[in-house]
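Written below as C-alpha cells is the structure these notes are about.
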Amino acid sequence: MAAASSEEAIKAAKVLMVGAGGIGCELLKTLALSGFSDIHIIDLDTIEVSNLNRQFLFRRSHVGQSKAKVARDAILKFRPNISITPYHANVKDSLFNVDFFKKFNVVLNGLDNLDARRHVNRLCLAAEVPLVESGTTGFLGQVTVHVKGKTECYECQPKPVPKSYPVCTITSTPSKFVHCIVWAKDLLFAKLFGDKNQDNDLNVRSKDDNSSKTDVFERNVDEDIEKYAQRIYDHVFGYNIEAALGNEETWRNRRRPNPIYIRDALPEGVVQQNGCSQDHKNEEPEPSEPSAMVSLGLRNPQEIWSLADNSRVFLEALKLFFEKREKEIGNLIFDKDDQLAVEFVTAAANIRASSFGIPLHSLFEAKGVAGNIVHAVATTNAIIAGLIVIEAIKVLKGDYQNYRMTYCLEHPSRKMLLMPVEPFEPNKSCYVCSETPLVLEVNTKTTKLREVIEKVIKSKLGMNLPLVMVGATLVFEDGEGLEPDEAANYALNLEKILVELPAPVLNGTKLTVEDFQQELKCSINIKHRDEFDEKEPDGMVLAGWSGPVDKQVTSNGEKKPVPSASRTEELDGTAEDISEKPGMKRKLNEILESKENFDALQTSLDVGSSSAQVVDDDEDEDLIMFDEDPKQGKKKRLQ
Amino acid sequence: MDGGGAGAGAEGELTAQETALYDRQIRVWGVDAQKRLSKAHVLVCGMNGTTIEFCKNIVLAGVGSLSLMDDHIVTEDDLNANFLIPPDESIYGGRSRAEVCCESLKDFNPMVRVSVETGDPSLIDGEFLDKFDTVVVSHASLKTKLFINDNCRKRSKRIAFYAIDCKDSCGEIFVDLQEHSYVQKKPGGETEQQELTYPSLQEAISVPWNNLPRKTTKLYFAMRVLENYELSVERSPGETTLSDMPAVLARMKDMCDKMSLNESQIPAPLIERLLSAGKKEHPPVCAILGGILGQEVIKSISCKGDTIKNFFYFDAADGKGVIENIPPNSAN
Chain A
1 MAAASSEEAI KAAKVLMVGA GGIGCELLKT LALSGFSDIH IIDLDTIEVS NLNRQFLFRR
61 SHVGQSKAKV ARDAILKFRP NISITPYHAN VKDSLFNVDF FKKFNVVLNG LDNLDARRHV
121 NRLCLAAEVP LVESGTTGFL GQVTVHVKGK TECYECQPKP VPKSYPVCTI TSTPSKFVHC
181 IVWAKDLLFA KLFGDKNQDN DLNVRSKDDN SSKTDVFERN VDEDIEKYAQ RIYDHVFGYN
241 IEAALGNEET WRNRRRPNPI YIRDALPEGV VQQNGCSQDH KNEEPEPSEP SAMVSLGLRN
301 PQEIWSLADN SRVFLEALKL FFEKREKEIG NLIFDKDDQL AVEFVTAAAN IRASSFGIPL
361 HSLFEAKGVA GNIVHAVATT NAIIAGLIVI EAIKVLKGDY QNYRMTYCLE HPSRKMLLMP
421 VEPFEPNKSC YVCSETPLVL EVNTKTTKLR EVIEKVIKSK LGMNLPLVMV GATLVFEDGE
481 GLEPDEAANY ALNLEKILVE LPAPVLNGTK LTVEDFQQEL KCSINIKHRD EFDEKEPDGM
541 VLAGWSGPVD KQVTSNGEKK PVPSASRTEE LDGTAEDISE KPGMKRKLNE ILESKENFDA
601 LQTSLDVGSS SAQVVDDDED EDLIMFDEDP KQGKKKRLQ
Chain B
1 MDGGGAGAGA EGELTAQETA LYDRQIRVWG VDAQKRLSKA HVLVCGMNGT TIEFCKNIVL
61 AGVGSLSLMD DHIVTEDDLN ANFLIPPDES IYGGRSRAEV CCESLKDFNP MVRVSVETGD
121 PSLIDGEFLD KFDTVVVSHA SLKTKLFIND NCRKRSKRIA FYAIDCKDSC GEIFVDLQEH
181 SYVQKKPGGE TEQQELTYPS LQEAISVPWN NLPRKTTKLY FAMRVLENYE LSVERSPGET
241 TLSDMPAVLA RMKDMCDKMS LNESQIPAPL IERLLSAGKK EHPPVCAILG GILGQEVIKS
301 ISCKGDTIKN FFYFDAADGK GVIENIPPNS AN
C-alpha cells in the first residue's frame, strides 16, 4: 500500500454518501478519521428512538431531526475543519441527477432498500462514477464495488425479490404465523380502519355470503361498540372459518381449522378485566396514546398471550379505535410505530393462528414480522463501514486489481470471518448495464397500460419517471413539464387495453421504455399469452429480469417497498422514503416477511462460502472465487 | 464521575425504555442476552483508536458498566484515530486519555455507567480485577499482557481476557475465556450446548512454530517477533521503528532457528510494514477490529454464539479477517 498516494487520493476526493443511518453514521465517522475532507450526504429520514442503539451520532434529544444534518454536526465536533454537506432529501429527487453525481469521485451507499439502491446504481452507471455498495442484517454483512466496465453493476445479479404469498394462502389456508400477520394487517386491519374504497380480499372466499346488500364490517348506526366488536370477532374467526370448512376439497390434505366464537374464547364473558388502567404508570412519554395492553394491564411485550388474552386485546383495541381515534378510521394504514395498531394486528393474527393450529407469538415478535423490522447491531455496521472505506481508497487510487467484495460472516468459513472475493465481470445480459432486451408475457387483450407501467416498469424495473414508446409512437410520459393536453392524453392511454393503444401493442411488439433521470433505456419484447395461474398474480411474466432466486450470492436479503404501507425498515442504513403514491392499491404478493429475507441473506452467504474456491492455495494472496456458473458466464477473474 | 443509572432492568424484566432503545438488537440476540449484558462489567486498559471503537460498540449495546484505565495525558498524536477527543486543547489539555474519552462515551448511552480507573495496568492487583467480568488490554507490553492474563486466571470467578492491537493496516486480537460454555445455534435452528477450553496467552505463544500448520497466518509470527524484540530491548509497543529493521530481522532469524521454522515463512516486507506503522492506526482497521471485538465480548457475556478461539487477524492489504486456533490441537 503506497501510503503517500492513499493520502493524496483521500485529500483530493469528493465523496457522496447515500444514507446516514446505521451504516451511514459509522461510515461518516470512519471517513472523517481517515482524512476525507469533502463529503456530501443524502438522507431523507429523521431520527427515531430505535435508531439510538447503533446510530451513535444521534442522541435522544435529536429524535425527530434530520439524520444527515445531525450526523454532520456530530462529526464536526471532532473534525471541525472538514466540509460536510448534508441533504435532508430523497435520493430519487430530480435534484440528484446525472450531473450532480458526476461531481463525485466515488459514491458510497449505506441504504436500506432495493429501490433506492437500484436508482443510485443507474445514476452511477450514467455518470460513470464508481459505487461502493453495502448491506447488513444482524451479524451478516457485505461490501461490493461497482465500476462501470470493470466489475458487474449492482443489478447484474438477480436480487431476492419480495416474498409473495398466494392470495388463497392468506385468505383460506394459512400455515405459518406470517400468513396470519399478513391477513390481520393487510386484510382485516385495512378493511376495518383503512380506505373503504380499496379492493379487499377478506371475504372473497366465503361462499354463499349475502354481503352484497350490506357490508358486515360496517358498524350499524347506534350499534353498541362492544356488540360491534364481538360481531366482527364472531364473523371473522367463527362464521368465516365455518363457511370455509364447507369446502371439503380444500381440507382433503390439510388440517381443518377450528372456528372460534367469542363465547368459546371468553366463556366467562368479556367484561372481566384483570387489570386497571389507572394504577399503571408508564415511564414512556406516551401515556395519552390509547393502548389495549395498558387498559388490560398486560405489560410484557415479550410474553405470549393466551387465546383469552388475545381475544380481550382484540375487542379492546377495536373499541379504542372507535372511541379514541374515530376520526382516523377510513384513512388508517398499518404503521409499526402505532402501538394500538400493532396490538390489534398481534391479537387478530394470534386468534387466527389458534384457529389454524399455528403457534402463537408475542407482540414483540409480531411487530417484527408485521413491520418488516430489520435485525441490526452496531458492530456489524462498524465493520462494514471500515470495509467500505478500504474499498473506497482503492477505487480512488484506481487500484482495480485489488478491488474485492467482502462478506462479513457469522460463522467462519475457511477460518475467515471477513471473506474477500474477487469482483465479477459485468453480466453481458444485464438489462441495466448492457442493452439486452427483456421479454414480457402478457395478455394484450385484457391488460391496461397502467398495469404494465405500475407492475413492471416502475415496480420491477425500478424506473421513477418512465417514458414508454411503441415503435416510434410515444404512448406515455411521466414527470414535470408536460403540456396539459399531453398529460390528459397520456392519462387516457393509461386506462387503455394494450391492443387499443394509438399504436397497438400485440404479440411481437417492441416497447422502448426510458427514464431520463436515471439515463436508463431498455427494450421489452411483448409476447401475448391468454392465461396466467395463481403463481403469477401480476398476470404478467417478465423474463430477462432478475426474479426470485434461491442459490445466488446477492448483496442482501432485501425487499421492495410495500406500496402505501408505512415506511418499512429493511437492511440497515438509512431509510429512504420508499412509500408510493397515496391511493395506490396494495397487493398481497408484494408483501414479504423480513425473517425470510434474513434467511435468504443467510442462504446466499452460505452459498458464497461453501461454493467458493480458494485459488493459489499456497500463496499469501489467496483469493476466493465462486464456482463457474455456466448460465451466467460472468464470474471471471478481473485482470 | 457517575454516568447515571445503571441498566435499570438488571433485575427481572427490561424496562419499556430499554425495550424501545434496544429493540433492533434484541431481535438479533434475544432478551436474555440483553439482560446478561446489562449486568456485565468491562475494564479497558489503554485508550486508542481501536479500543474506543470497541467502547462505543459495547456502550451502545447496553453493557452494565465500562471502566477506562489510561493515565497518559492526551497529546496531539492521540487525536488521529480518535473521535472521542475534541481537537481543542482547552478541553483535553492536561487531562488523561481515560478522562476525556469517558466524558464523550457517557453521552452515547445514559443507561450505561462509564467511569475512569486510575493506575498502571502493569501493576493491577487481582482483587481489583474481581470487579470485572471482562478485561481488554491494548497497546501494552508482552510482559503486561501476560501479567494481567495470569491474574485474571488466578481469580475464583471467570474473567474473560482480550488483548487487541492495531498496527496501521494490520491488527491482532487474542482471546482467553478459560472455560467457556455457550449455546450454539445449528443451521437447522436448533440449539446445542458447547464447551470450549482456552489456553492462556503464555501457553498459546509458547507453542513451537514447527508445530503450527503451514497455513498459519504470517501476521501471527510477525507479531510474535515484534513483541519479543520490544521485550528484549525494553521498548514500549509502537516505539520500534524502521531503523530497528536489521535488529528485528536478526531476532526473527534467532526465533525461527530455535523453533525450526523456515525464515521465508515470515516475509520481510510484512515486518517492514509493522515497523513503519509505529503507533499509527488506520481508522477503517480500528473500526473493523473494534467491531469484531465488540461482538466477541457480547457473545461471550451472553453465552450465545460461537466465540473466536483464540486469535483473530485482519490485514487491509488482503482484506481477510482470519481466526487462528493456537495451539491447533487444544481441546475444543
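Protein chains in written order, with the numbering used here: chain A, 1 to 639; chain B, 1 to 332.
Each residue gets a CB set at the ideal place from its N, CA and C atoms; glycine is no exception.
In this text, all values refer to a predicted model and were calculated from it rather than measured experimentally.
Here V221 (chain A) is exposed. Its C-beta has fewer than 16 other C-beta atoms within 10 Å. With fewer than 16 other Cβ atoms from the protein chains shown falling within 10 Å of its own Cβ, D130 (chain B) counts as exposed. Of B:L212, B:K35, B:K320 and B:L43, the smallest CA-CA separation from Y162 (chain B) is found for B:L43. The CB of I85 (chain B) comes closer than 8 Å to the CB of F78 in chain A, given here in chain order. For L461 (chain A), there is no enclosing alpha helix (DSSP H), as DSSP gives it neither H nor E. For D107 (chain B), at least one C-beta of chain A is nearer than 9 Å to its own C-beta.
Counting only unbroken stretches of 4 or more residues, the alpha helix (DSSP H) elements lying wholly within the stretch 223-269 of chain A are 225-233, 240-245, 248-251 and 262-265, in sequence order.
The Cβ neighbour count for P502 (chain A), taken over all protein chains shown within 10 Å, is under 16; the residue is labelled exposed.
Interface flag for K29 (chain A) against chain B is set, since a Cβ pair is found closer than 9 Å. Two segments are said to touch when three or more pairs of C-beta atoms, one from each, lie closer than 8 Å; by this definition the stretch 318-333 of chain A touches the stretch 192-199 of chain A. Here DSSP, grouped into helix, strand and coil, assigns A140 (chain B) to coil. Judged by DSSP in its simplified three-state form, G21 (chain A) adopts coil rather than helix or strand. The beta carbon of Q302 (chain A) is closer than 6 Å to those of S362 and F364 in its chain, skipping five residues each way along the sequence. Around the beta carbon of G471 (chain A), a 10 Å sphere encloses fewer than 16 other beta carbons of the protein chains shown; the residue is thus reported as exposed. Along the stretch 298-318 of chain A, going in chain order, the ones with a CB nearer than 7 Å to a CB of chain B are N300, P301 and Q302. For H41 (chain B), the enclosing beta strand (DSSP E) stretches over residues H41 to C45. With its beta carbon at least 9 Å from every one in chain B, A488 (chain A) lies outside the interface. In the DSSP assignment, Y22 (chain B) falls outside any beta strand (DSSP E), carrying neither H nor E.
Annotation for H146 (chain A): the continuous beta strand (DSSP E) segment containing it runs L140 to H146. Setting aside the 5 residues that flank it on each side, L231 (chain B) is surrounded in the same chain by S141, L142 and K143, each with a C-beta closer than 8 Å to its C-beta; the list follows chain order.
Classified as buried, Q157 (chain A) has 16 or more neighbouring CB atoms from the shown chains inside 10 Å of its CB. When 9 Å is used as the limit between beta carbons, G368 (chain A) is near these residues of chain B: D23 and R27, in chain order. Residue state for Y165 (chain A) is assigned as coil, using DSSP reduced to three classes. DSSP, reduced to helix, strand and coil, places V297 (chain B) within a helical segment of the structure shown. Within chain B, the residues V322, I323 and E324 have their CB atoms less than 8 Å from the CB of K415 (chain A), given in chain order. DSSP places N525 (chain A) outside any alpha helix (DSSP H); the residue lies instead in the beta strand (DSSP E), whose first and last residues are L520 to H528. With respect to the 9 Å criterion, G46 (chain B) and V137 (chain B) are classified as neighbours on the basis of their beta carbons. Within the model, the alpha-carbon separation for I524 (chain A) versus A12 (chain A) is close to 42 Å. Where E227 (chain B) is concerned, there is no enclosing beta strand (DSSP E), although the alpha helix (DSSP H) around it starts and stops at K218 to S232.
Ranked by Cα distance from K319 (chain A), the first of A:V452, A:V475, A:K227 and A:V167 is A:K227. Nearest to K394 (chain A) by C-alpha distance, out of A:I84, A:V132 and A:S354, is A:V132. It is roughly 37 Å from the alpha-carbon of L461 (chain A) to the alpha-carbon of S34 (chain A). Contact annotation, S164 (chain A) with P537 (chain A): C-beta distance approximately 7 Å; criterion of less than 8 Å satisfied. Bounds of any beta strand (DSSP E) do not take in H179 (chain A); it lies within the alpha helix (DSSP H) bounded by F177 to V182. The secondary-structure analysis by DSSP pairs V116 (chain B) across a beta bridge with B:L68. Against chain A, the CB of F314 (chain B) has a partner CB under 9 Å away; the residue lies at that interface.
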